[in-house]
Amino acid sequence: MASLPLVPQQHHNPPENLQHQQNAHRDQGAAAAVRPAVAGVPPETDSDKEMSAAVVEGNGAVTGHIISTTIGGKNGEPKRTISYMAERVVGTGSFGIVFQAKCLETGETVAIKKVLQDKRYKNRELQLMRLMDHPNVICLKHCFFSTTSRDELFLNLVMDYVPESLYKVLRHYSNSNQRMPLIYVKPYMYQIFRGLAYIHNVPRICHRDVKPQNLLVDPLTHQVKLCDFGSAKVLVNGEANISYICSRYYRAPELIFGAIEYTTSIDIWSAGCVLAELLLGQPLFPGENAVDQLVEIIKVLGTPTREEIRCMNPNYTDFRFPQIKAHPWHKVFHKRMPPEAIDLASRLLQYSPSLRCTALEACAHSFFDELREPNARLPNGRPFPPLFNFKQELTGASPDLVCKLIPEHVWRQTGLNFPYPGAT
7 MASLPLVPQQ HHNPPENLQH QQNAHRDQGA AAAVRPAVAG VPPETDSDKE MSAAVVEGNG
67 AVTGHIISTT IGGKNGEPKR TISYMAERVV GTGSFGIVFQ AKCLETGETV AIKKVLQDKR
127 YKNRELQLMR LMDHPNVICL KHCFFSTTSR DELFLNLVMD YVPESLYKVL RHYSNSNQRM
187 PLIYVKPYMY QIFRGLAYIH NVPRICHRDV KPQNLLVDPL THQVKLCDFG SAKVLVNGEA
247 NISYICSRYY RAPELIFGAI EYTTSIDIWS AGCVLAELLL GQPLFPGENA VDQLVEIIKV
307 LGTPTREEIR CMNPNYTDFR FPQIKAHPWH KVFHKRMPPE AIDLASRLLQ YSPSLRCTAL
367 EACAHSFFDE LREPNARLPN GRPFPPLFNF KQELTGASPD LVCKLIPEHV WRQTGLNFPY
427 PGAT
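If you use our numbering, the sequence shown corresponds to residues 7 to 430, in order.
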(Lines of atoms letter the chains of each structure in order from A and count residues from 1; the text may use other names and numbers.)
(Lines give C-alpha, C1' and ligand atoms only; values in the text may rest on other atoms or scores of the structure.)
Protein backbone atom coordinates (compact mmCIF):
# COMPACT_ATOMS: atom_id res chain seq x y z
CA MET A 1 0.00 0.00 0.00
CA ALA A 2 2.84 2.23 -0.91
CA SER A 3 0.28 4.79 -1.80
CA LEU A 4 -1.69 5.08 1.40
CA PRO A 5 -2.14 8.49 3.02
CA LEU A 6 1.29 9.93 3.26
CA VAL A 7 1.08 13.62 4.12
CA PRO A 8 -2.49 14.89 4.45
CA GLN A 9 -1.51 18.44 5.45
CA GLN A 10 1.52 18.87 3.17
CA HIS A 11 1.36 19.12 -0.58
CA HIS A 12 3.16 16.97 -3.08
CA ASN A 13 4.32 18.99 -6.06
CA PRO A 14 5.42 17.30 -9.29
CA PRO A 15 8.97 17.94 -10.54
CA GLU A 16 9.78 21.48 -11.66
CA ASN A 17 10.25 20.43 -15.29
CA LEU A 18 6.69 19.07 -15.34
CA GLN A 19 5.35 22.37 -14.03
CA HIS A 20 7.17 24.27 -16.79
CA GLN A 21 5.74 21.95 -19.46
CA GLN A 22 2.19 22.51 -18.21
CA ASN A 23 0.04 25.03 -20.07
CA ALA A 24 2.72 25.77 -22.67
CA HIS A 25 -0.09 26.33 -25.17
CA ARG A 26 -1.82 28.92 -23.02
CA ASP A 27 -1.35 32.68 -22.76
CA GLN A 28 1.44 33.05 -20.20
CA GLY A 29 0.77 36.78 -19.99
CA ALA A 30 -2.38 36.07 -18.01
CA ALA A 31 -0.31 35.14 -14.98
CA ALA A 32 1.38 38.52 -14.79
CA ALA A 33 -1.97 40.27 -15.12
CA VAL A 34 -3.73 38.28 -12.44
CA ARG A 35 -1.12 37.83 -9.68
CA PRO A 36 -1.10 41.46 -8.41
CA ALA A 37 -4.90 41.53 -8.49
CA VAL A 38 -5.46 38.64 -6.11
CA ALA A 39 -3.56 40.03 -3.16
CA GLY A 40 -6.69 39.55 -1.07
CA VAL A 41 -6.54 35.76 -1.37
CA PRO A 42 -5.80 34.30 2.08
CA PRO A 43 -2.13 33.27 2.35
CA GLU A 44 -1.03 29.76 3.20
CA THR A 45 0.17 29.93 6.79
CA ASP A 46 1.01 27.29 9.32
CA SER A 47 -1.62 28.73 11.67
CA ASP A 48 -4.33 27.73 9.21
CA LYS A 49 -3.40 24.07 9.26
CA GLU A 50 -5.78 21.62 10.86
CA MET A 51 -4.53 19.49 13.73
CA SER A 52 -1.60 17.43 12.50
CA ALA A 53 -0.49 14.47 14.58
CA ALA A 54 3.11 14.35 15.75
CA VAL A 55 5.69 12.32 13.84
CA VAL A 56 6.28 8.87 15.29
CA GLU A 57 9.79 8.27 16.61
CA GLY A 58 9.29 4.75 17.94
CA ASN A 59 10.39 1.51 16.26
CA GLY A 60 7.00 -0.23 16.17
CA ALA A 61 7.22 -0.67 12.39
CA VAL A 62 10.77 -1.99 12.21
CA THR A 63 11.04 -4.97 9.84
CA GLY A 64 10.39 -8.18 11.73
CA HIS A 65 8.73 -6.50 14.71
CA ILE A 66 5.64 -8.44 15.85
CA ILE A 67 2.54 -6.69 17.17
CA SER A 68 -0.07 -8.76 18.99
CA THR A 69 -3.55 -7.58 19.92
CA THR A 70 -6.93 -8.98 20.91
CA ILE A 71 -10.00 -8.52 18.74
CA GLY A 72 -13.63 -9.62 19.07
CA GLY A 73 -15.47 -10.01 22.33
CA LYS A 74 -18.59 -8.08 21.27
CA ASN A 75 -22.09 -9.41 20.60
CA GLY A 76 -21.15 -12.86 21.84
CA GLU A 77 -18.15 -13.09 19.51
CA PRO A 78 -15.22 -14.82 21.22
CA LYS A 79 -12.04 -12.88 21.82
CA ARG A 80 -9.00 -13.95 19.85
CA THR A 81 -5.41 -12.87 19.59
CA ILE A 82 -4.13 -11.66 16.26
CA SER A 83 -0.50 -10.89 15.46
CA TYR A 84 1.11 -8.82 12.71
CA MET A 85 4.71 -8.87 11.57
CA ALA A 86 5.90 -5.52 10.21
CA GLU A 87 7.47 -5.99 6.77
CA ARG A 88 8.34 -2.50 5.56
CA VAL A 89 7.44 1.16 5.99
CA VAL A 90 5.53 2.37 2.94
CA GLY A 91 4.76 5.93 3.98
CA THR A 92 5.73 8.57 6.51
CA GLY A 93 4.30 11.98 7.23
CA SER A 94 3.24 14.50 9.82
CA PHE A 95 0.52 12.08 11.00
CA GLY A 96 2.88 9.16 11.68
CA ILE A 97 3.70 6.14 9.51
CA VAL A 98 2.06 3.53 7.31
CA PHE A 99 3.63 0.10 7.13
CA GLN A 100 2.95 -3.13 5.33
CA ALA A 101 2.47 -6.11 7.64
CA LYS A 102 1.50 -9.77 7.47
CA CYS A 103 -1.06 -11.41 9.73
CA LEU A 104 0.69 -14.43 11.23
CA GLU A 105 -2.58 -16.32 11.78
CA THR A 106 -3.98 -15.97 8.25
CA GLY A 107 -1.02 -14.95 6.07
CA GLU A 108 -3.01 -11.93 4.86
CA THR A 109 -1.07 -8.79 3.94
CA VAL A 110 -2.46 -5.58 5.45
CA ALA A 111 -1.52 -1.93 5.78
CA ILE A 112 -1.32 -0.43 9.25
CA LYS A 113 -1.51 3.31 9.75
CA LYS A 114 0.09 4.22 13.07
CA VAL A 115 -0.83 7.62 14.50
CA LEU A 116 0.28 9.27 17.73
CA GLN A 117 -2.95 9.75 19.64
CA ASP A 118 -3.77 12.67 21.93
CA LYS A 119 -5.43 11.00 24.91
CA ARG A 120 -7.73 14.01 25.38
CA TYR A 121 -9.53 13.59 22.05
CA LYS A 122 -11.22 10.98 19.93
CA ASN A 123 -9.64 10.28 16.55
CA ARG A 124 -11.89 11.66 13.81
CA GLU A 125 -10.44 9.42 11.11
CA LEU A 126 -11.25 6.33 13.16
CA GLN A 127 -14.79 7.54 13.83
CA LEU A 128 -15.41 8.16 10.13
CA MET A 129 -13.87 4.92 8.92
CA ARG A 130 -16.14 2.96 11.24
CA LEU A 131 -19.12 4.45 9.36
CA MET A 132 -18.06 3.33 5.89
CA ASP A 133 -18.49 0.09 3.96
CA HIS A 134 -18.16 0.32 0.19
CA PRO A 135 -16.13 -1.46 -2.53
CA ASN A 136 -14.55 1.82 -3.62
CA VAL A 137 -13.57 3.00 -0.14
CA ILE A 138 -10.63 1.60 1.83
CA CYS A 139 -11.85 -0.89 4.43
CA LEU A 140 -11.03 -0.60 8.13
CA LYS A 141 -10.54 -4.18 9.29
CA HIS A 142 -10.05 -3.29 12.92
CA CYS A 143 -7.96 -1.02 15.12
CA PHE A 144 -5.96 -1.18 18.31
CA PHE A 145 -3.89 1.06 20.54
CA SER A 146 -0.25 0.54 21.42
CA THR A 147 2.00 2.28 23.92
CA THR A 148 5.70 2.94 24.33
CA SER A 149 8.04 3.10 27.29
CA ARG A 150 7.62 6.88 27.20
CA ASP A 151 3.87 6.47 27.83
CA GLU A 152 3.00 7.53 24.28
CA LEU A 153 -0.30 6.23 22.95
CA PHE A 154 -0.59 5.18 19.32
CA LEU A 155 -3.71 4.38 17.32
CA ASN A 156 -3.18 1.61 14.75
CA LEU A 157 -5.66 1.42 11.87
CA VAL A 158 -5.53 -1.97 10.13
CA MET A 159 -6.71 -1.70 6.53
CA ASP A 160 -6.74 -3.45 3.18
CA TYR A 161 -3.35 -3.58 1.52
CA VAL A 162 -3.55 -2.19 -2.02
CA PRO A 163 -0.16 -2.16 -3.78
CA GLU A 164 -0.54 0.75 -6.19
CA SER A 165 -1.90 4.29 -6.31
CA LEU A 166 -3.23 6.32 -9.20
CA TYR A 167 -0.22 8.59 -8.72
CA LYS A 168 2.18 5.69 -9.34
CA VAL A 169 0.16 4.53 -12.35
CA LEU A 170 0.25 8.05 -13.79
CA ARG A 171 3.98 8.26 -13.19
CA HIS A 172 4.46 4.97 -15.06
CA TYR A 173 2.76 6.39 -18.16
CA SER A 174 4.58 9.72 -17.81
CA ASN A 175 7.97 8.01 -17.59
CA SER A 176 7.10 6.12 -20.78
CA ASN A 177 6.04 9.38 -22.45
CA GLN A 178 2.53 8.00 -22.89
CA ARG A 179 -0.96 9.01 -21.87
CA MET A 180 -3.20 6.65 -19.97
CA PRO A 181 -5.53 4.80 -22.39
CA LEU A 182 -9.18 5.80 -22.07
CA ILE A 183 -10.12 2.17 -21.40
CA TYR A 184 -8.43 2.65 -18.01
CA VAL A 185 -9.35 6.31 -17.45
CA LYS A 186 -13.04 5.42 -17.63
CA PRO A 187 -13.22 2.65 -15.00
CA TYR A 188 -10.81 4.50 -12.70
CA MET A 189 -12.78 7.75 -12.75
CA TYR A 190 -16.12 5.94 -12.59
CA GLN A 191 -15.07 4.14 -9.42
CA ILE A 192 -13.77 7.38 -7.91
CA PHE A 193 -17.18 8.94 -8.44
CA ARG A 194 -18.90 5.85 -7.04
CA GLY A 195 -16.82 6.09 -3.89
CA LEU A 196 -17.54 9.81 -3.59
CA ALA A 197 -21.26 9.25 -4.18
CA TYR A 198 -21.26 6.82 -1.29
CA ILE A 199 -19.37 8.94 1.24
CA HIS A 200 -21.28 12.10 0.26
CA ASN A 201 -24.75 10.54 0.41
CA VAL A 202 -24.63 7.86 3.09
CA PRO A 203 -22.37 8.91 5.97
CA ARG A 204 -22.34 12.43 4.41
CA ILE A 205 -18.58 12.71 4.64
CA CYS A 206 -16.48 15.21 2.69
CA HIS A 207 -13.05 13.73 1.97
CA ARG A 208 -11.27 17.09 1.53
CA ASP A 209 -8.07 15.65 0.04
CA VAL A 210 -8.95 13.83 -3.18
CA LYS A 211 -5.78 13.43 -5.26
CA PRO A 212 -3.99 10.64 -7.17
CA GLN A 213 -1.90 9.71 -4.11
CA ASN A 214 -5.10 8.97 -2.16
CA LEU A 215 -6.67 6.77 -4.83
CA LEU A 216 -5.50 3.17 -4.57
CA VAL A 217 -5.48 0.82 -7.57
CA ASP A 218 -5.35 -2.97 -7.57
CA PRO A 219 -3.12 -3.73 -10.59
CA LEU A 220 -4.80 -7.11 -11.20
CA THR A 221 -8.50 -6.26 -10.92
CA HIS A 222 -8.23 -2.48 -11.55
CA GLN A 223 -10.49 -1.84 -8.59
CA VAL A 224 -10.05 1.68 -7.17
CA LYS A 225 -10.38 2.61 -3.50
CA LEU A 226 -10.53 6.04 -1.94
CA CYS A 227 -8.17 6.25 1.05
CA ASP A 228 -6.74 8.63 3.66
CA PHE A 229 -9.59 10.08 5.67
CA GLY A 230 -7.21 12.07 7.87
CA SER A 231 -8.61 15.36 6.51
CA ALA A 232 -12.21 14.15 6.13
CA LYS A 233 -15.16 15.59 8.00
CA VAL A 234 -18.94 15.36 8.19
CA LEU A 235 -20.02 18.79 6.98
CA VAL A 236 -22.84 20.41 8.95
CA ASN A 237 -24.84 23.35 7.57
CA GLY A 238 -23.95 26.55 9.37
CA GLU A 239 -20.84 25.08 10.95
CA ALA A 240 -17.51 26.70 10.08
CA ASN A 241 -14.76 24.61 8.51
CA ILE A 242 -11.11 25.27 7.83
CA SER A 243 -10.40 26.66 4.35
CA TYR A 244 -6.73 25.67 4.26
CA ILE A 245 -7.46 22.08 3.31
CA CYS A 246 -6.86 19.82 0.31
CA SER A 247 -3.60 19.51 -1.61
CA ARG A 248 -2.99 22.60 -3.69
CA TYR A 249 -3.29 21.31 -7.27
CA TYR A 250 -6.70 19.83 -6.43
CA ARG A 251 -8.01 22.63 -4.18
CA ALA A 252 -11.40 24.06 -5.15
CA PRO A 253 -11.46 27.82 -5.84
CA GLU A 254 -13.88 28.55 -2.98
CA LEU A 255 -11.20 27.27 -0.60
CA ILE A 256 -8.64 29.59 -2.18
CA PHE A 257 -11.11 32.44 -1.64
CA GLY A 258 -11.19 31.55 2.05
CA ALA A 259 -14.68 30.03 2.28
CA ILE A 260 -15.39 28.42 5.65
CA GLU A 261 -18.86 27.19 4.75
CA TYR A 262 -18.55 24.84 1.80
CA THR A 263 -20.04 21.58 0.58
CA THR A 264 -18.96 18.19 -0.70
CA SER A 265 -18.65 19.86 -4.12
CA ILE A 266 -15.03 20.63 -3.17
CA ASP A 267 -14.41 16.90 -3.68
CA ILE A 268 -16.09 17.11 -7.09
CA TRP A 269 -13.68 19.86 -8.13
CA SER A 270 -10.76 17.73 -6.95
CA ALA A 271 -12.09 14.75 -8.93
CA GLY A 272 -12.36 17.00 -11.98
CA CYS A 273 -8.68 17.89 -11.56
CA VAL A 274 -7.84 14.18 -11.33
CA LEU A 275 -9.81 13.47 -14.52
CA ALA A 276 -7.98 16.26 -16.36
CA GLU A 277 -4.64 14.91 -15.11
CA LEU A 278 -5.42 11.42 -16.39
CA LEU A 279 -6.37 12.86 -19.78
CA LEU A 280 -3.41 15.27 -20.02
CA GLY A 281 -0.74 13.21 -18.30
CA GLN A 282 0.11 16.11 -16.00
CA PRO A 283 -1.71 18.40 -13.52
CA LEU A 284 -4.12 20.91 -15.05
CA PHE A 285 -3.57 23.58 -12.38
CA PRO A 286 0.05 23.36 -11.08
CA GLY A 287 0.09 26.44 -8.84
CA GLU A 288 3.19 27.15 -6.76
CA ASN A 289 1.22 28.84 -3.96
CA ALA A 290 -2.38 29.85 -3.18
CA VAL A 291 -2.32 32.95 -5.39
CA ASP A 292 -0.58 31.16 -8.23
CA GLN A 293 -3.13 28.35 -7.94
CA LEU A 294 -5.91 30.84 -8.64
CA VAL A 295 -3.87 32.22 -11.53
CA GLU A 296 -3.68 28.75 -13.09
CA ILE A 297 -7.44 28.29 -12.69
CA ILE A 298 -8.23 31.71 -14.20
CA LYS A 299 -6.01 30.93 -17.21
CA VAL A 300 -8.44 28.11 -18.05
CA LEU A 301 -11.83 29.20 -16.69
CA GLY A 302 -11.33 32.93 -17.19
CA THR A 303 -11.96 35.62 -14.60
CA PRO A 304 -14.81 34.68 -12.24
CA THR A 305 -17.78 37.02 -12.32
CA ARG A 306 -18.89 38.85 -9.19
CA GLU A 307 -21.79 36.43 -8.90
CA GLU A 308 -19.46 33.44 -9.15
CA ILE A 309 -17.23 34.92 -6.45
CA ARG A 310 -20.28 35.42 -4.22
CA CYS A 311 -21.23 31.79 -4.80
CA MET A 312 -17.75 30.71 -3.73
CA ASN A 313 -17.46 33.01 -0.71
CA PRO A 314 -20.12 35.66 0.06
CA ASN A 315 -17.68 37.38 2.43
CA TYR A 316 -15.03 37.98 -0.21
CA THR A 317 -15.27 41.61 -1.33
CA ASP A 318 -11.99 42.24 -3.15
CA PHE A 319 -13.01 42.25 -6.82
CA ARG A 320 -9.82 43.68 -8.34
CA PHE A 321 -9.53 41.18 -11.16
CA PRO A 322 -8.45 41.94 -14.73
CA GLN A 323 -10.72 40.43 -17.32
CA ILE A 324 -9.18 37.22 -18.66
CA LYS A 325 -11.20 35.24 -21.19
CA ALA A 326 -11.86 31.56 -20.62
CA HIS A 327 -9.68 29.16 -22.59
CA PRO A 328 -11.92 26.89 -24.70
CA TRP A 329 -12.03 23.41 -23.19
CA HIS A 330 -11.43 21.72 -26.53
CA LYS A 331 -8.10 23.58 -26.75
CA VAL A 332 -7.07 22.51 -23.25
CA PHE A 333 -7.03 18.86 -24.38
CA HIS A 334 -5.54 17.31 -27.51
CA LYS A 335 -7.55 17.24 -30.73
CA ARG A 336 -8.50 13.56 -30.57
CA MET A 337 -10.02 13.82 -27.10
CA PRO A 338 -13.60 12.49 -27.14
CA PRO A 339 -16.14 15.30 -26.70
CA GLU A 340 -17.76 13.35 -23.85
CA ALA A 341 -14.52 13.55 -21.84
CA ILE A 342 -14.28 17.30 -22.40
CA ASP A 343 -17.93 17.77 -21.49
CA LEU A 344 -17.54 15.87 -18.21
CA ALA A 345 -14.46 17.90 -17.25
CA SER A 346 -16.34 21.14 -17.95
CA ARG A 347 -19.24 20.04 -15.72
CA LEU A 348 -16.92 19.24 -12.82
CA LEU A 349 -14.65 22.28 -13.02
CA GLN A 350 -17.15 25.10 -12.50
CA TYR A 351 -16.52 28.14 -10.31
CA SER A 352 -19.98 27.98 -8.73
CA PRO A 353 -20.07 24.95 -6.40
CA SER A 354 -23.80 24.45 -6.95
CA LEU A 355 -23.30 24.15 -10.72
CA ARG A 356 -20.90 21.22 -10.46
CA CYS A 357 -22.56 17.89 -11.08
CA THR A 358 -22.88 15.47 -8.18
CA ALA A 359 -20.80 12.32 -7.97
CA LEU A 360 -23.80 10.17 -8.88
CA GLU A 361 -24.62 12.39 -11.87
CA ALA A 362 -21.00 12.05 -12.97
CA CYS A 363 -21.35 8.24 -12.89
CA ALA A 364 -24.33 8.54 -15.23
CA HIS A 365 -22.45 10.74 -17.73
CA SER A 366 -22.15 9.52 -21.32
CA PHE A 367 -18.34 9.40 -20.97
CA PHE A 368 -18.88 6.15 -19.06
CA ASP A 369 -21.41 4.59 -21.48
CA GLU A 370 -18.77 2.15 -22.76
CA LEU A 371 -18.61 0.60 -19.27
CA ARG A 372 -22.35 -0.11 -19.43
CA GLU A 373 -22.14 -2.18 -22.61
CA PRO A 374 -23.09 -5.86 -22.07
CA ASN A 375 -19.73 -7.15 -23.34
CA ALA A 376 -17.48 -4.48 -21.81
CA ARG A 377 -14.09 -5.92 -20.85
CA LEU A 378 -10.60 -4.86 -19.84
CA PRO A 379 -7.97 -4.96 -22.63
CA ASN A 380 -6.74 -8.34 -21.34
CA GLY A 381 -10.25 -9.77 -21.76
CA ARG A 382 -10.99 -9.91 -18.04
CA PRO A 383 -14.19 -8.32 -16.74
CA PHE A 384 -14.17 -4.92 -15.11
CA PRO A 385 -14.41 -4.88 -11.32
CA PRO A 386 -18.04 -4.69 -10.11
CA LEU A 387 -19.42 -1.34 -11.23
CA PHE A 388 -23.17 -1.58 -10.78
CA ASN A 389 -23.68 -3.18 -7.36
CA PHE A 390 -25.25 0.01 -6.04
CA LYS A 391 -26.95 -0.02 -2.67
CA GLN A 392 -27.35 2.87 -0.28
CA GLU A 393 -25.83 5.49 -2.56
CA LEU A 394 -28.92 5.36 -4.81
CA THR A 395 -31.19 6.52 -1.98
CA GLY A 396 -33.03 9.61 -3.16
CA ALA A 397 -31.91 9.26 -6.79
CA SER A 398 -34.58 9.90 -9.41
CA PRO A 399 -35.90 6.96 -11.47
CA ASP A 400 -34.36 8.53 -14.58
CA LEU A 401 -30.95 8.69 -12.93
CA VAL A 402 -31.21 5.11 -11.67
CA CYS A 403 -32.18 4.03 -15.18
CA LYS A 404 -29.00 5.65 -16.55
CA LEU A 405 -26.80 4.21 -13.82
CA ILE A 406 -27.80 0.56 -14.02
CA PRO A 407 -27.73 -0.97 -17.51
CA GLU A 408 -30.74 -2.94 -18.65
CA HIS A 409 -28.69 -6.14 -19.00
CA VAL A 410 -27.74 -5.86 -15.32
CA TRP A 411 -31.38 -5.51 -14.29
CA ARG A 412 -32.25 -8.59 -16.34
CA GLN A 413 -29.34 -10.66 -14.97
CA THR A 414 -30.23 -9.86 -11.38
CA GLY A 415 -33.92 -10.54 -11.92
CA LEU A 416 -34.93 -7.06 -10.85
CA ASN A 417 -38.02 -5.55 -12.37
CA PHE A 418 -37.33 -2.03 -13.54
CA PRO A 419 -39.49 -0.26 -16.13
CA TYR A 420 -37.15 0.60 -18.98
CA PRO A 421 -38.72 2.70 -21.74
CA GLY A 422 -39.79 0.34 -24.48
CA ALA A 423 -38.89 -2.75 -22.47
CA THR A 424 -41.05 -5.80 -23.01
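Quick reminder that beta carbons are idealized off the backbone N, C-alpha and C, glycines included.
Only a predicted model underlies this, so the values are computations on that prediction, with no experimental measurement involved.
Sequence-distant residues of the same chain with beta carbon closer than 7 Å to residue i, five excluded per side
i	result
A351	G278, L281, A282 and W335
S53	Reliability fails at S53, whose pLDDT of 36 lies under 50, so the model's placement of it is uncertain and the value that follows must be treated cautiously. Here the set comprises nothing.
N319	E260, F263, G264 and A265
A107	Y90, M91, A92, E93, V116 and I118
Q419	none
Nearest to residue i (by Cα), restricted to the options the options
i	options	result
R210	F150, N162 and M135	M135
V339	M165, E314, G287 and Y357	The identity of residue 339 in the sequence shown is Phe, whereas the question assumes Val. For the residues M165, E314, G287 and Y357, the minimum Cα distance to F339 belongs to G287.
L221	S372, I88 and I144	I144
D227	P385, T401, K410 and T420	In the sequence as presented, Asp is not what sits at residue 227; that position holds Thr. Of P385, T401, K410 and T420, the residue nearest in Cα terms is P385.
A349	P328, H333, S372 and K331	Correcting the residue type first, residue 349 is Asp in the shown sequence and not Ala. Checked all of P328, H333, S372 and K331; the closest Cα to D349 is S372.
F396	A107, Y196, D234 and K85	Y196
L463	L132, T76, E414 and P310	Any answer about residue 463 is impossible in this case: the structure gives the chain only from 7 up to 430.
K147	I88, K192 and V95	I88
V216	R342, R316, I315 and S171	S171
R177	A265, H333 and P218	P218
D324	H333, K331, R312 and A332	R312
E302	A258, V121 and A92	A258
S180	T98, L285 and G244	L285
C149	P225, P169 and Q123	Q123
P389	E399, Q398 and L377	L377
P289	S276, A347 and V297	S276
E294	V164, R342, S253 and M138	S253
G70	R316, G82 and L110	L110
N243	Y190, D375, G402 and Y268	Y268
A368	P193, A382 and P328	P193
Residues bridged to residue i [DSSP beta-bridge criterion]
i	result
F105	V95 and I118
K231	L222
D166	V116
L159	T153
A212	According to the sequence provided, residue 212 is Cys. The question's Ala does not apply to it. According to DSSP, which records beta bridges pairwise, C212 is partnered with K239.
T364	Answer by DSSP bridge pairing: none, since T364 is not bridged.
I330	I330 is not bridged to any residue.
V143	L232
Neighbourhood of residue i by C-beta distance below 6 Å, restricted to the same chain and skipping five residues each side
i	result
R353	C363
L241	C212
I6	This structure cannot speak to residue 6, because the chain is shown only from 7 to 430.
G64	Since pLDDT at G64 reaches only 44, below the 50 mark, its modelled position is unreliable, and the value read off the structure follows with that caveat. Cβ neighbours of G64 beyond the five flanking positions: T154.
T76	K85 and T87
T270	H206 and C212
Sequence-distant residues of the same chain with beta carbon closer than 8 Å to residue i, five excluded per side
i	result
P380	P413 and H415
P344	L188 and F373
Report task. Decide if the stretch 201-209 is in contact with the stretch 358-376; the criterion is three or more beta carbon pairs, one per stretch, under 8 Å apart. Result -> yes
Query raised in the report: Which ranges does the beta strand (DSSP E) cover as unbroken runs of at least 3 residues, wholly within the stretch 273-307, from first to last along the chain?
Result: none
Requested in this report: Could you name each continuous alpha helix (DSSP H) segment of 4 residues or more that falls completely within the stretch 379-422, going from the start of the chain to the end?
Outcome: 405-411 and 414-420
Query raised in the report: Taking contact to mean at least 3 C-beta pairs separated by less than 8 Å, is the stretch 233-250 in contact with the stretch 125-133?
Result: yes
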